[in-house]
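This report concerns only the one structure given below.
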Amino acid sequence: MRRILFGCLLGAVLMGCPEERAGGPDKMAGDKAAADKMAAEKAMPPKPAPVEVTIACGSQGQDQEACQAGADAWAKSTGNTVKLVAVPSDSGQQLTQFQQLFAAGSADVDVFRFDIVWPGIVASHVIDLKPHFKDAELDAHFAPIVQANTIDGKLVAVPWFTDAGLLYYRKDLLEKYKQQPPTTWQELAATAKLIQDKEKAGGNKKMVGFVFQGKAYEGLTCNGLEWVDSFGGGTIVADDGKVTINNPKAVAAVEFAASLIGKASPTGVLNYAEEEARGAFQSGNAVFMRNWPYAWSLAQKDDSPVKDKVGVMALPKGGPEGKNTGTLGGWNLGVSKYSKKQEAAISLVKYLTSLEEQKRRAITNSFNPTIAGLYKDPDVLKANPFMGTLSDTFTNAVARPSKKTGLKYNQVSTEFTGAVHAVLSGKEKAGPAMQKLAEKLEKMSDGGKW
Ligand code: GLC
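FYI, the numbering for the sequence shown is 496 to 945, going by the numbering used here.
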């Protein structure tokens, strides 16, 4: 209807309305133009009706607001709307919730944020995103992250941001007590205790030395792997599927970590996840903190008591012979195969994982891009100097054994955190705990085949 009216109006201006110009050569030209226009309109795909896409995109630190800002920008440019669903901050609990939705074949959530250790677990519940991305788009991301998200040739999720464990320290306190940033875990323990005790003696009763993620959950798997691997004790399960955790270096690493509790670290860390550790550090009450990059932008906020007092460095070595190990983390976006809005969901994933959006999130929220080129971007480096200085930490971050253990990874991780937590809390000795753990994992491993 509107088209007819519009045609008449346009026709009236250019050549008069149809009644006035019936017959004559002009009519034939007009008919042809109208026919061409109709054919062109027919060839154009119809604009899809606006939809509401639901995304589960994390709830820690600035996860929600950063996701909302990106989602809003996409919604504005496409005419669609986005709903964010709340998820637990503990990644293991998130997985449980997602698995319940998958088991029910639920279409409630269209886009999921998946942990880098989950592709093997969630692969059968998502669509293959590979056909929807150009090779050049995927090649811009770090290849190992794309590989980690690829299961049997299927692109389960597209990289959104990457993570590696980092050591945050109070530059001002180290200077005050004439201490150097630690190069080994043993030095860290000594410096943390020294400054903690002196600050306490000076009346600063809340000061603690070193905070980390010591609660029995996925975060402790990340911290535990850092201790074990940095002492030369391997990665729990080797790439060939062999269980390696029961070795003297791994035992020494876990024993060392237990020696922190109640000395350089408060007993409270046994119940700390990322946000509890950040709470202590950002309020000015800890000398050192192990955390992910997201904590940087929050520590640097105008209202942060530690703004401009924080240094970021690689986690220390496990002794002079050890190495600097940061566990590889990070999150990726996948589209549910049960979603009824897959086209719009794919479009949202494309937008959120794009270079422009990753750059915005890096600058505003210190989420490490997965697009290599952004590590040369002056705006990104200005906001996050550590993304330039610690490039080794990011490129050599050590993966948890999720690729090999696949569907069983979550059980492996739960057994590992259980064993490490028992040692940290003094319930068990490191030697027997690692031996028992290895026996359980071996049983689970089906002779290393998994
Ligand atoms: C971070 C990491 C993720 C890890 C989680 C553990 O979010 O990116 O990979 O599993 O911390 O708490």
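Just so it is clear, CB atoms sit at the ideal spot from N, CA and C, and this is done for glycine as well.
Residues sharing a beta bridge with residue i, DSSP
i, result
"Val621", "Ser831"
"Met808", "Leu662"
"Arg608", "Leu828"
"Ile646", "Lys649"
"Pro654", "Asn827"
"Val746", "Its beta-bridge partners do not exist; DSSP assigns none."
"Thr822", "Val893"
"Ile756", "Ser760"
"Asn863", "Thr657"
"Val948", "With the chain represented from 496 up to 945, any question about residue 948 goes unanswered, as that position is not in the structure."
"His636", "Ile866"
First through last residue of the alpha helix (DSSP H) which encompasses residue i
i, result
"Glu713", "Glu713 to Ser725"
"Trp680", "Trp680 to Ala696"
"Leu850", "Leu850 to Asn860"
"Gly913", "Tyr904 to Leu919"
"Thr591", "Ser586 to Ala598"
"Glu937", "Ala925 to Ser940"
"Gln837", "Gln837 to Leu847"
"Asp874", "Pro873 to Ala878"
"Ser792", "Tyr789 to Ala794"
Ligand 3 heavy atom lying under 7 Å from the CB of residue i
i, result
"Ile731", "Ligand 3 is not part of this structure, which contains only ligand 1."
Short Cβ contact (8 Å threshold) for residue i with residue j
i, j, result
"Asn827", "Pro676", "no"
"Ser861", "Tyr789", "yes"
"Thr820", "Asp724", "yes"
"Gly728", "Lys744", "yes"
"Glu750", "Gln708", "no"
"Leu936", "Val738", "yes"
"Ala892", "Ala659", "yes"
"Ile731", "Pro880", "no"
"Thr679", "Gly817", "yes"
"Tyr767", "Thr912", "no"
"Asp603", "Thr549", "yes"
"Gln592", "Val582", "yes"
"Val830", "Gln837", "yes"
"Val915", "Leu662", "no"
"Ala717", "Gly553", "Note that residue 717 is Cys in the sequence shown here, rather than Ala. No, these two residues do not count as a Cβ contact at 8 Å."
"Gln557", "Leu793", "yes"
"Tyr672", "Lys688", "no"
"Gly813", "Phe726", "yes"
"Ala759", "Leu919", "no"
"Lys804", "Arg665", "yes"
"Ala962", "Leu579", "No answer is possible for residue 962: the residues shown for the chain start at 496 and end at 945."
"Lys695", "Asn780", "no"
"Met939", "Lys903", "yes"
"Ile740", "Ala933", "yes"
"Leu669", "Leu650", "no"
"Ala917", "Glu910", "no"
"Ser883", "Leu876", "A quick correction: the sequence has Gly, not Ser, at residue 883. Yes. Within cutoff."
"Leu720", "Thr573", "no"
"Ser601", "Gln555", "no"
"Asn905", "Leu590", "yes"
"Ala809", "Leu755", "no"
"Ala599", "Leu850", "no"
Host beta strand (DSSP E) of residue i (start-end)
i, result
"Ala781", "Ala781 to Asn786"
"Ile550", "Glu547 to Ala551"
"Thr890", "Where Thr890 is concerned, there is no enclosing beta strand (DSSP E), although the alpha helix (DSSP H) it sits in stretches over Ser886 to Thr890."
"Lys571", "That residue, Lys571, is in no beta strand (DSSP E); its alpha helix (DSSP H) goes Asp558 to Thr573."
"Val580", "Thr576 to Val580"
"Phe776", "Phe776 -> not in any beta strand (DSSP E); alpha helix (DSSP H) instead, spanning Glu769 to Gln777."
"Gly704", "Val703 to Val706"
Rounded Cβ spacing between residue i and residue j (contact assumed at less than 8 Å)
i, j, result
"Val782", "Ile690", "5 Å"
"Val746", "Gly926", "5 Å"
"Trp569", "Tyr846", "4 Å"
"Asn644", "Pro614", "5 Å"
"Ile858", "Ala878", "5 Å"
"Val621", "Lys832", "6 Å"
"Asn786", "Ala775", "Not confirmed; about 11 Å, so no contact."
"Phe637", "Thr900", "That pair is no contact at about 22 Å."
"Pro811", "Leu683", "5 Å"
"Gly942", "Asp735", "Incorrect: roughly 12 Å between the Cβ atoms, too far for contact."
"Gln674", "Thr657", "That pair is no contact at about 31 Å."
"Gln777", "Pro800", "7 Å"
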